[in-house]
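Worksheet for the structure shown next.
Numbering (this note's numbering), first residue to last: 20 to 192.
Here you go:
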């Protein structure tokens, strides 16, 4: 039984790959191309195929760099997505590098209380915590909570998670 399920999954993956490739071949719009690469990478992300994810996300980033201003929020999102992949792969220095790039773009393009900034602060804090740099982790988690408290309701899931991460980090100091 497992063989037919595995075979079916392979057929679906092959078909979806062919569809995405056909879409890429047909579009001339850079925004659409970047989106197609991103969506294909997202599918691979949820399948845990991180090396393939990186390839798709990096292709999306190349297209975005060629077609968008250097401070466009979509670039921040792409840097963040690549950082997430490296974090899941356990490559914390590389994840940190991409999260920091995302933060630079977000600080230039978003208001200071935007939730994406809170998410980036939290992501960077998590990486520092994994690297056992609890002082830096604390600082970034604190920033995430401060951003979240300005805009999000007290019971918002992200804000609750950021507070929890801050408390975990405080215990390590």
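Positions of the beta carbon are idealized from the N, C-alpha and C atoms, including for glycine. These figures come from a predicted structure and were not determined experimentally.
Roughly how many angstroms lie between the CA atoms of residue i and residue j, to the nearest whole one?
i, j, result
"residue 131", "residue 166", "8 Å"
"residue 93", "residue 183", "28 Å"
"residue 71", "residue 174", "36 Å"
"residue 126", "residue 73", "24 Å"
"residue 43", "residue 52", "6 Å"
"residue 66", "residue 59", "11 Å"
"residue 172", "residue 129", "20 Å"
"residue 69", "residue 104", "6 Å"
"residue 154", "residue 55", "39 Å"
"residue 100", "residue 79", "11 Å"
"residue 118", "residue 41", "32 Å"
"residue 161", "residue 76", "29 Å"
Which one of the options has the shortest CA to CA distance from residue i?
i, options, result
"residue 191", "176, 43, 91 and 156", "156"
"residue 64", "124, 46 and 107", "107"
"residue 116", "37, 41 and 147", "147"
"residue 89", "37, 141 and 123", "123"
"residue 47", "82, 61 and 37", "82"
State the DSSP-derived secondary structure class of residue i, mapped to helix, strand or coil.
i, result
"residue 79", "helix"
"residue 160", "helix"
"residue 187", "helix"
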